[in-house]
Amino acid sequence: MEGKEEDVNVGANKFPERQPIGTAAQTEGKDYKEPPPAPFFEPGELKSWSFYRAGIAEFIAAFLFLYVTVLTVLGVKRAPNMCASVGIQGIAWAFGGMIFALVYCTAGISGGHINPAVTFGLFLARKLSLTRTVFYIVMQCLGAICGAGVVKGFQPGPYQANGGGSNLVAHGYTKGSGLGAEIIGTFVLVYSVFSATDAKRSARDSHVPILAPLPIGFAVFLVHLATIPITGTGINPARSLGAAIIYNKDHAWGDHWIFWVGPFIGAALAALYHQIVIRAIPFKSKT
Numbered sequence: 000m001e002g003k004e005e006d007v008n009v010g011a012n013k014f015p016e017r018q019p020i021g022t023a024a025q026t027e028g029k030d031y032k033e034p035p036p037a038p039f040f041e042p043g044e045l046k047s048w049s050f051y052r053a054g055i056a057e058f059i060a061a062f063l064f065l066y067v068t069v070l071t072v073l074g075v076k077r078a079p080n081m082c083a084s085v086g087i088q089g090i091a092w093a094f095g096g097m098i099f100a101l102v103y104c105t106a107g108i109s110g111g112h113i114n115p116a117v118t119f120g121l122f123l124a125r126k127l128s129l130t131r132t133v134f135y136i137v138m139q140c141l142g143a144i145c146g147a148g149v150v151k152g153f154q155p156g157p158y159q160a161n162g163g164g165s166n167l168v169a170h171g172y173t174k175g176s177g178l179g180a181e182i183i184g185t186f187v188l189v190y191s192v193f194s195a196t197d198a199k200r201s202a203r204d205s206h207v208p209i210l211a212p213l214p215i216g217f218a219v220f221l222v223h224l225a226t227i228p229i230t231g232t233g234i235n236p237a238r239s240l241g242a243a244i245i246y247n248k249d250h251a252w253g254d255h256w257i258f259w260v261g262p263f264i265g266a267a268l269a270a271l272y273h274q275i276v277i278r279a280i281p282f283k284s285k286t
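Under numbering that gives the first Met the number 0, the very last position in the sequence shown is 286; numbers go up by exactly one each time.
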């Protein structure tokens, strides 16, 4: 187990509730004690290899996520009709399936965020320090840019001709509709993350560890089914940024703010809902 390594005592794994996605939070009995919140700033992280290893894991995960999903989107758009390709359902499965696989693979190293909105939500819930939050978001964005860049390098003509997998508010929808879709979609995702990785729930129900990435992947799949026709589905600012930078057309940047503001609002609402309503942490006795 990663917890046996000396350097993971510094950083994201220092506190019991901040167990990586997909790992059992309680291994000794059913009793549960609320852990202290993560420190706002933890200088010791900067001296720990586990801190940088986690950032590298987030970079690679975001890279692979963009590579597979953007290729899938381009394949659908290049097809003469939906029946000749995997269609919208296939795109949704590509996004959801990759999240499931990547969360499972990187959970024990970085927590398997792969999304600045998820990282931001966990930060608001005091499960990450500001240092780790900023580092994760930077590495996620860099990985996404590189992933989309490799796709363009393989097929520059089709990439530019078919939108490069960039997120846009579709014709017939207002910017307000697009923003609302991103807020609600990200709320579903981040709410699923909190619920699937809740340490108290794991202690009570003894969930099988591998099940945690599954509802997260399904949440991504279902949100894509609902919102691909509206915005192409962002719910991940790194994914939207990577595609927009490599595609780099004016109409892609015109709506880009929606794919940061919407996910961050949705993540904040999910964090508040989980902490205040589901867990009622502010109302618990301090004794």
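Note that the Cβ used here is the ideal one computed from N, Cα and C, for glycine as well. This one's a predicted model, so the numbers in the text were calculated from it and none came from an experiment.
When rounded, the separation of the alpha-carbon atoms in Y103 and G96 is 11 Å. Taking 8 Å as the upper bound for CB-CB distance, F258 and N161 are not in contact here, some 19 Å apart.
DSSP, read as helix, strand or coil, puts K248 in coil.
In summary, K151 is buried, with 16 or more beta-carbon neighbours lying within 10 Å of its beta-carbon over all protein chains present. The beta carbon of G233 lies closer than 6 Å to those of N166, E181, S239 and F258 in the same chain, with the five residues before and after it left out.
In the DSSP annotation of this structure, F282 is not part of any alpha helix (DSSP H), being labelled neither H nor E. H223: member of the alpha helix (DSSP H) spanning P212 to T230, first to last residue. By the Cβ criterion, the segment 221–231 is not in contact with the segment 131–138, since fewer than three pairs of Cβ atoms, one from each stretch, lie closer than 8 Å. For the options F220, R77, E44 and I55, the alpha carbon positioned closest to that of L127 is the one of E44. When DSSP states are grouped into helix, strand and coil, V168 belongs to the coil group. By the neighbour-count criterion, in which a residue is buried when 16 or more other Cβ atoms sit within 10 angstroms of its Cβ, G142 is buried. Within its own chain, no residue has a Cβ closer than 6 Å to the Cβ of G89 once the five positions on either side in sequence are excluded.
Using a Cβ-Cβ distance cut-off of 8 Å, the segment 251–271 and the segment 210–217 are not in contact, since fewer than three pairs of beta carbons, one from each stretch, lie closer than that value. Counting along the chain, A56 sits inside the alpha helix (DSSP H) bounded by residues W48 to R77.
In the structure shown, K174 falls within a helical segment according to DSSP collapsed to helix, strand and coil.
Contact between A93 and A242 fails: their C-beta atoms lie close to 14 Å from each other, not under 8 Å.
Residue burial annotation: P42 is exposed, with fewer than 16 other C-beta atoms found within 10 angstroms of its C-beta. Using a Cβ distance threshold of 7 Å, F62 and C140 do not count as a contacting pair.
Remark: C-beta atoms of R125 and P36 approach each other more closely than 7 Å. Fully contained in the segment 91–128 are the following alpha helix (DSSP H) runs of length 4 or more, in chain order: 115–123. Under a 10 Å Cβ-count criterion, L73 is classified as buried, with 16 or more other Cβ atoms of the shown protein chains found around its own Cβ. Residue T226 holds the alpha-carbon nearest to the alpha-carbon of I183 among D249, W252 and T226. Distances from the CA of Y190 to each of F58, A116, A100 and F40 were compared; the closest alpha carbon is that of A116. The alpha-carbon of P262 is positioned some 18 Å away from that of S194. A straight line joining the alpha-carbon of H255 with that of A198 spans about 35 Å.
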